[in-house]
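Enquirer: In UniProt numbering, the protein residues as written are 1 to 288. Starting off with a structure, shown below.
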């Protein structure tokens with residue numbers, strides 16, 4: 001049965017003042033993930049699940065499927081998958097397996113005007129994640145996500161973030177609103193890796209084959225390694241860098257402004273280089 005609460009159905013993030021958010025988080029933090037997700041299905045507007053099919057997202061997907069079956073409906077929370085063009089083959093195979101297992105199709109979004117990595121590199125250069133990491137994050141994750149949310153009129157999303165993943169996630173609440181007004185639900189915010197993995201195994205949830213090789217947090221192949229520490233499952237992401245997020249959960253407007261500034265600077269540099277390579281002819285005054 002849906003979780004009872006005194007909060008009426010939310011129409012948009014405008015309904016979530018700091019006081020209301022505080023009250024809701026106090027309530028939601030006492031619930032189990034399934035109860036949180038049931039509450040979200042019944043109360044949040046135009047709810048989607050954005051997932052790269054990490055273990056936490058797979059738990060949420062399986063829970064949603066169970067709720068869907070119990071209510072005798074079609075899959076209750078539409079899915080968004082961001083294809084960066086640099087996923088492991090195992091990740092792309094997992095998309096297919098999840099579609100078959102849960103009888104649901106993903107809404108897949110890629111970097112704009114790019115069908116594959118070759119097209120992306122032709123447009124933006126090779127190894128952009130090394131030469132301009134912020135621009136790379138914006139192009140393969142942030143912009144496609146924003147395009148998905150606008151195109152699908154998404155108002156709320158379920159994420160796979162947990163406090164035990166540390167870094168910027170160390171103090172996340174169950175419910176929050178980002179800089180764009182998007183409502184974000186983190187139903188497993190208080191679970192640790194052991195709880196997630198126990199659920200995966202007990203419920204026979206399909207998962208990424210790389211987990212059996214020792215991987216824990218899996219992103220693009222060029223920035224994912226096995227974790228350096230079992231106590232820090234995301235330590236294999238962006239190894240050797242202070243970075244802990246890909247931009248998806250950072251301030252969209254700041255990321256967009258930084259991208260536009262970098263784009264303008266590069267265009268100015270190209271124009272300067274073109275001018276230097278082809279200087280304008282010097283006019284020679286004729287003698288009278």
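Where is the CB? At the ideal position from N, CA and C, for every residue including glycine.
Can you name the residues that DSSP bridges to residue 177?
Expert: As a position in the chain shown, residue 177 is number 177, starting the count at 1. DSSP, once it has assigned bridges, lists 183 as partnering residue 177.
Enquirer: Reducing DSSP to helix, strand and coil, say where residue 44 ends up.
Expert: The residue you call residue 44 lines up with position 44 of the chain shown. Three-state DSSP puts residue 44 in coil, outside helix and strand.
Enquirer: Buried or exposed: which applies to residue 196, given that a residue is buried once 16 or more other Cβ atoms fall within 10 Å of its Cβ?
Expert: Indexing the chain shown from 1 puts residue 196 at position 196. Classification for residue 196: buried.
Enquirer: So what's residue 107 in DSSP terms, helix, strand or just coil?
Expert: If you number the chain shown from 1, residue 107 lands on position 107. Reduced to three states, the DSSP call for residue 107 is strand.
Enquirer: Which runs of the alpha helix (DSSP H) spanning at least 4 residues fall entirely within the region 65 to 106, listed in chain order?
Expert: List check, alpha helix (DSSP H) in window: 89 to 102.
Enquirer: What are the start and end residues of the alpha helix (DSSP H) that includes residue 134?
Expert: Along the chain shown, one-based indexing puts residue 134 at 134. It spans 133 to 137 - the alpha helix (DSSP H) in which residue 134 sits, taken as one unbroken run.
Enquirer: Mapping DSSP to helix, strand and coil, what is residue 49?
Expert: Position 49 of the chain shown, counted from the start, is the residue given in the question as residue 49. Looking at residue 49 - three-state DSSP - the assignment turns out to be strand.
Enquirer: Does residue 10 come out as helix, strand or coil in the three-state DSSP assignment?
Expert: For this step, residue 10 is matched to residue 10 along the chain shown. If DSSP states are grouped into helix, strand and coil, residue 10 belongs with coil.
Enquirer: Going by the beta-carbon positions, is the gap between residue 161 and residue 186 smaller than 7 Å?
Expert: Indexing the chain shown from 1 puts residue 161 at position 161. Indexing the chain shown from 1 puts residue 186 at position 186. Going by C-beta atoms, residue 161 is nearer than 7 Å to residue 186.
Enquirer: Please check the pair residue 28 and residue 51, which I expect to be a contact at CB under 8 Å, by giving their CB distance rounded to whole angstroms.
Expert: Counting from one through the chain shown, the residue named residue 28 turns up at place 28. Counting from one through the chain shown, the residue named residue 51 turns up at place 51. Rounded, the Cβ-Cβ distance is 20 Å, inconsistent with contact.
Enquirer: Contact between the region 193 to 211 and the region 173 to 185 is defined here as three or more beta-carbon pairs at a separation below 8 Å; is this criterion met?
Expert: No: fewer than three Cβ pairs fall under 8 Å.
Enquirer: Buried or exposed: residue 216, going by 16 or more other Cβ atoms within 10 Å of its Cβ?
Expert: For the purposes of this step, residue 216 is identified with residue 216 of the chain shown, where counting begins at 1. Counting Cβ neighbours within 10 Å, residue 216 comes out buried, since at least 16 surround it.
Enquirer: Would you mind reading off the limits of the alpha helix (DSSP H) that contains residue 196?
Expert: The sequence position of residue 196 within the chain shown is 196, counting from 1. Taken as a continuous stretch (DSSP letters only), the alpha helix (DSSP H) holding residue 196 covers 193 to 202.
Enquirer: Once DSSP output is grouped into helix, strand and coil, what is the label at residue 18?
Expert: To locate residue 18, count along the chain shown from 1; it is residue 18. In the structure shown, residue 18 sits in a helix (DSSP, three-state: H, G or I).
Enquirer: Given this structure, state the Cα-to-Cα distance separating residue 101 from residue 65, to the nearest angstrom.
Expert: Residue 101 sits at position 101 when you count from the first residue of the chain shown. Residue 65 sits at position 65 when you count from the first residue of the chain shown. Each residue's Cα considered, the two are about 10 Å apart.
Enquirer: Using only CA atoms, which one of 118, 192, 138, 45 lies nearest to residue 77?
Expert: Position 77 of the chain shown, counting from 1, holds the residue named residue 77. Nearest C-alpha to residue 77: 45.
Enquirer: Does DSSP classify residue 223 as helix, strand or coil?
Expert: Working through the chain shown from its first residue, we reach residue 223 at position 223. In this structure, residue 223 counts as helix in the three-state DSSP scheme.
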